[in-house]
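J.:
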Amino acid sequence: AQKVTQAQTEISVVEKEDVTLDCVYETRDTTYYLFWYKQPPSGELVFLIRRNSFDEQNEISGRYSWNFQKSTSSFNFTITASQVVDSAVYFCALSEASGDMNYGGSQGNLIFGKGTKLSVKP
Amino acid sequence: KAGVTQTPRYLIKTRGQQVTLSCSPISGHRSVSWYQQTPGQGLQFLFEYFSETQRNKGNFPGRFSGRQFSNSRSEMNVSTLELGDSALYLCASSPRWDYGYTFGSGTRLTVV
């Protein structure tokens, strides 16, 4: 069965600290997608990154970086030099694609972790 | 470029009533999904639509239904509301099956 575990419920850091949010997933499929979303107090889920199961390259985007390791089924997210504006709930999610890939196949439903609430204090 | 628009933003309904929530996806996006978010259960998948066809359905009772129109706009309906249906309902759209989803701001439904 699919499952996403974000063991850290809440993290509090002081501005400029680096912080890593952990994500461990379970799936039996060889083709799957992993996501990170940010949810600020306004409620909207903001897309941060999508990674497919065949691409284990780490990615860096500004202060954000992601470490995908299939061997440990982990997809961790690091914020470098955190800022107050980074305060939000962060969700890791997993989906398994299925169906007709050539015509609107299903991306499948997103299985979300419970989220990690990050508080960055000035 | 307009994002995913959900209406209304807030809604208060009484137990036993029914409610319809609306979602307008990003122009050109043909895939629409709905999620329910509650403090206890977190984010849970409701439905996925593509070209007016339901592709996937989550584990929710039959009181929850949805549809997608030819212009990709989608609606979800909850009949015979229960207190436990109080939640933030999020809609997301995607241009194709293998792209990430863009979420709307949600409709916060309170059942009293």
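Protein chains in written order, with my numbering: chain B, 1 to 122; chain H, 1 to 112. Just so it is clear, CB atoms sit at the ideal spot from N, CA and C, and this is done for glycine as well. No experiment lies behind these values; they were computed from the predicted model shown.
Under a three-way DSSP split, which group does B:Thr16 fall into?
T.: Taking the first sequence and counting its residues from 1, one reaches residue 16 of chain B at position 16. Strictly speaking, residue 16 of chain B in this sequence is Lys, with Thr absent from that position. DSSP places B:Lys16 in coil when its eight states are reduced to three.
J.: Considering only DSSP beta bridges, list what B:Lys121 is partnered with.
T.: Residue mapping note: residue 121 of chain B aligns to position 121 of the first sequence, counting from 1. Bridge partners of B:Lys121: B:Val14.
J.: So H:Thr110 contacts chain B; which residues on that side make the cut at Cβ distance below 9 Å?
T.: Sequence index remark: in the second sequence, residue 110 of chain H carries index 110 (1-based). Within chain B, no residue comes near H:Thr110; the closest Cβ sits about 14 Å away, beyond 9 Å.
J.: When you compare only the Cα positions, how much space is there between B:Leu45 and H:Gly16?
T.: For the purposes of this step, residue 45 of chain B is taken as residue 45 along the first sequence, with counting starting at 1. For the purposes of this step, residue 16 of chain H is taken as residue 16 along the second sequence, with counting starting at 1. If I take the Cα positions, the gap works out to 30 Å.
J.: Could you list which residues in chain H have their beta carbon closer than 9 Å to that of B:Leu44, in chain order?
T.: Locating residue 44 of chain B in the first sequence gives position 44, where the first residue counts as 1. Reading off the sequence shown, one finds Glu at residue 44 of chain B, where the question assumed Leu. The answer, in chain order, is Gly3, Val4, Leu90, Phe103, Gly104, Ser105, Gly106.
J.: Taking only beta carbons into account, state which residues of the region 55–70 of chain H come closer than 7 Å to chain B, listed in chain order.
T.: Hits within the stretch, in order: Arg55, Asn56, Gly58.
J.: Where does H:Tyr10 land, buried or exposed, given buried means 16+ other C-beta within 10 angstroms?
T.: Within the second sequence, numbered from 1, the residue matching residue 10 of chain H stands at position 10. With fewer than 16 Cβ atoms within 10 Å of its Cβ, H:Tyr10 is classed as exposed.
J.: Would you mind working out which of B:Asn67, B:Phe54, B:Leu34 sits nearest B:Phe112, comparing C-alpha positions?
T.: Stepping through the first sequence from its first residue, residue 112 of chain B is reached at position 112. Minimum Cα distance to B:Phe112 is reached at B:Leu34.
J.: Would you give the residue range spanned by the beta strand (DSSP E) that H:Asn77 belongs to?
T.: Walking along the second sequence from the start, residue 77 of chain H turns up at place 77. Its beta strand (DSSP E) spans residues 74–78.
J.: Tell me which same chain residues have a C-beta within less than 7 Å of the C-beta of H:Thr53, skipping the five on either side of it?
T.: Your numbering for residue 53 of chain H matches position 53 in the second sequence. Cβ neighbours of H:Thr53 beyond the five flanking positions: none.
J.: What's the gap between the Cα of H:Val19 and the Cα of H:Val32?
T.: As a first step, residue 19 of chain H must be located in the second sequence, where it is residue number 19. As a first step, residue 32 of chain H must be located in the second sequence, where it is residue number 32. Whole-angstrom Cα-Cα distance: 19 Å.
J.: State the beta-bridge partners of B:Phe35 as determined by DSSP.
T.: Taking the first sequence and counting its residues from 1, the one referred to as residue 35 of chain B is at position 35. Its beta-bridge partners are B:Arg50, B:Ala93.
J.: What in chain B is Cβ-close to H:Gly100, meaning under 7 Å?
T.: By one-based count along the second sequence, residue 100 of chain H stands at place 100. Those within 7 Å of H:Gly100 in chain B are Phe35, Phe47, Arg50.
J.: Would you call H:Glu82 buried or exposed, if buried means 16 or more other Cβ atoms sit within 10 Å of its Cβ?
T.: Here the question's residue 82 of chain H lines up with position 82 in the second sequence. Per the 10 Å Cβ criterion, exposed.
J.: Do B:Cys23 and B:Asn76 have their C-beta atoms within less than 8 Å of each other?
T.: Here residue 23 of chain B corresponds to residue number 23 of the first sequence, with the count starting at 1. Here residue 76 of chain B corresponds to residue number 76 of the first sequence, with the count starting at 1. Yes, Cβ-Cβ distance for B:Cys23 and B:Asn76 is below 8 Å.
J.: Taking the beta carbon of H:Arg67 as the centre, do at least 16 other beta carbons fall within 10 Å, making it buried, or is it exposed?
T.: Residue mapping note: residue 67 of chain H aligns to position 67 of the second sequence, counting from 1. Per the 10 Å Cβ criterion, exposed.
J.: Is H:Ser33 helix, strand or coil by DSSP?
T.: Here residue 33 of chain H refers to the residue found at position 33 when the second sequence is read from its first residue. DSSP places H:Ser33 in strand when its eight states are reduced to three.
J.: By Cβ distance, which residues of its chain are closer than 6 Å to B:Pro40, with the 5 residues on each side in sequence left out?
T.: Within the first sequence, numbered from 1, the residue matching residue 40 of chain B stands at position 40. Result list for B:Pro40: Ala88, in chain order.
J.: What residues from the region 33–46 of chain H come within 9 Å of chain B, judged by C-beta to C-beta, listed N to C?
T.: So the list reads Ser33, Tyr35, Gln37, Gly42, Leu43, Gln44, Phe45, Leu46, given in the order they occur along the chain.
J.: By Cβ distance, which residues of its chain are closer than 6 Å to H:Ser24, with the 5 residues on each side in sequence left out?
T.: Looking up residue 24 of chain H in the second sequence gives position 24. If we look at H:Ser24 and ignore the five residues flanking it on each side, its Cβ neighbours are Thr5, Arg73.
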